[in-house]
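Student:
In the numbering used here, the protein residues as written are 3 to 303.
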């Protein structure tokens, strides 16, 4: 009698039903750093929020799905608030959908996140820019040095910034930050400063670079940016800044200091899409609390 052996059926892969993405709040600094350190130049503002004693309340929210992940920082405690996003675009959207968002806020995001941000916020302005970075080894300072500004010179500083944007720095900000300027006939005519410094993570962010219109095309802002960068590199291993990609003179000026391209970034400000948010934004505009934005970051060549 012959036994008829049936053919073993092909193995069917196990099917895993789709499950909803879980959004988790992180409180452990090391777990947060896992999402930031691989892109530390892009994440400089987020890293600063991890510094000891940073004066805001932060929520770090993460979502992951197999090989995808995203992280959002939502910070409150200063006006305006702040949102930072990194990672997979669809997961960023799910994080923002899952939580209460602040009203008016500054935002840093990847370019591909902008459409997601606009689902949640009416943007007052947004600035696509190139993030550049310099290290101690690659830095090439200018021969000429600018003068370090003191807290007592805050009025002169704000007077220069008032030419293109409302100058609202305080003496305490000048004291805590790093600001250098150049003078002509007793007048401050060029300046560069810092957005933030994160010494614990060895990184700082240059910004607020501006030259008086009558003194442009003399390389003054480049000298100021060089002096700021030199001091920051004494305590930090890396310094970053933003520049508009199409501003070739500015890109060349920063490249002459040793800065190189890292990534594209979008910085923006907006108010949450809601009836109340629209009213608050309207009142703030009437009171002059929402200035027309122009990033101070361009050297004059």
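Cβ atoms here follow ideal geometry from the backbone N, Cα and C, with glycine treated the same way.
Note that the coordinates shown come from a computational prediction; the quantities given were computed from them, not determined experimentally.
1) Measure how close the beta-carbons of residue 235 and residue 141 come, nearest whole angstrom, since I'm counting them as under 8 Å.
2) For residue 37, which option in 102, 22 and 75 has the closest C-alpha, if you only look at C-alpha atoms?
3) State the beta-bridge partners of residue 123 as determined by DSSP.
4) Which partner residues does residue 268 have in the DSSP bridge list?
5) If you reduce the DSSP assignment to three classes, tell me which class residue 137 lands in.
6) With a cut-off of 8 Å on the beta carbons, I'd call residue 159 and residue 151 a contact; round off their distance for me.
7) Identify whether residue 231 lies in helix, strand or coil by the three-state DSSP scheme.
8) On the criterion of 16 or more Cβ atoms from any shown chain inside 10 Å, does residue 104 qualify as buried, or is it exposed?
9) Are the beta-carbon atoms of residue 206 and residue 156 separated by less than 9 Å?
10) Check this for me: beta carbons of residue 144 and residue 225, under 9 Å apart or not?
11) For residue 86, name the three-state secondary structure that DSSP assigns.
12) Quickly, what does DSSP pair residue 1 with across the bridge? List them, please.
13) Under the assumption that residue 133 contacts residue 273 (Cβ atoms under 8 Å), give the Cβ distance between them as a whole number of angstroms.
14) By the 10 Å Cβ neighbour count, where 16 or more other Cβ atoms means buried, how is residue 42 classified, buried or exposed?
15) If distances are taken between C-alpha atoms only, which option among 69, 92, 45 and 33 comes closest to residue 200?
16) Are the beta-carbon atoms of residue 269 and residue 128 separated by less than 9 Å?
Tutor: Quick look at the numbers:
1) The residue you call residue 235 lines up with position 233 of the chain shown. The residue you call residue 141 lines up with position 139 of the chain shown. With 8 Å as the limit, residue 235 and residue 141 qualify as a contact, their Cβ atoms being about 6 Å apart.
2) The residue given as residue 37 occupies position 35 in the chain shown. Comparing Cα positions, the closest option is 75.
3) Here residue 123 corresponds to residue number 121 of the chain shown, with the count starting at 1. Residue 123 pairs with 274.
4) For the purposes of this step, residue 268 is taken as the residue at position 266 of the chain shown. Paired residues: 111 and 130.
5) Taking the first residue of the chain shown as position 1, residue 137 is located at position 135. Of the three classes helix, strand and coil, the one that applies to residue 137 here is strand, per DSSP.
6) The residue given as residue 159 occupies position 157 in the chain shown. The residue given as residue 151 occupies position 149 in the chain shown. Going by Cβ atoms, the distance from residue 159 to residue 151 rounds to 6 Å, so yes, they are a contact pair.
7) Against the chain shown, residue 231 aligns to sequence position 229. Helix, per DSSP.
8) Start at 1 with the first residue of the chain shown, and residue 104 comes out as number 102. By the 10 Å Cβ count, residue 104 comes out buried.
9) Sequence index remark: in the chain shown, residue 206 carries index 204 (1-based). Sequence index remark: in the chain shown, residue 156 carries index 154 (1-based). Result no, Cβ atoms of residue 206 and residue 156 do not sit closer than 9 Å.
10) Here residue 144 is taken as the residue at index 142 of the chain shown, counted from 1. Here residue 225 is taken as the residue at index 223 of the chain shown, counted from 1. Going by C-beta atoms, residue 144 is nearer than 9 Å to residue 225.
11) Here residue 86 refers to the residue found at position 84 when the chain shown is read from its first residue. Residue 86: strand per DSSP, three-state reduction.
12) Outside the displayed span of the chain (3 to 303) sits residue 1, for which this structure offers no information.
13) On the chain shown, residue 133 is found 131 positions in, with the first residue counted as 1. On the chain shown, residue 273 is found 271 positions in, with the first residue counted as 1. Going by Cβ atoms, the distance from residue 133 to residue 273 rounds to 25 Å, so no, they are not a contact pair.
14) As a first step, residue 42 must be located in the chain shown, where it is residue number 40. Result: buried.
15) Position 198 of the chain shown holds residue 200. It is 45 whose Cα lies nearest to the Cα of residue 200.
16) Residue numbering aside, residue 269 sits at position 267 when the chain shown is read from its first letter. Residue numbering aside, residue 128 sits at position 126 when the chain shown is read from its first letter. For residue 269 and residue 128, yes; Cβs fall inside 9 Å.
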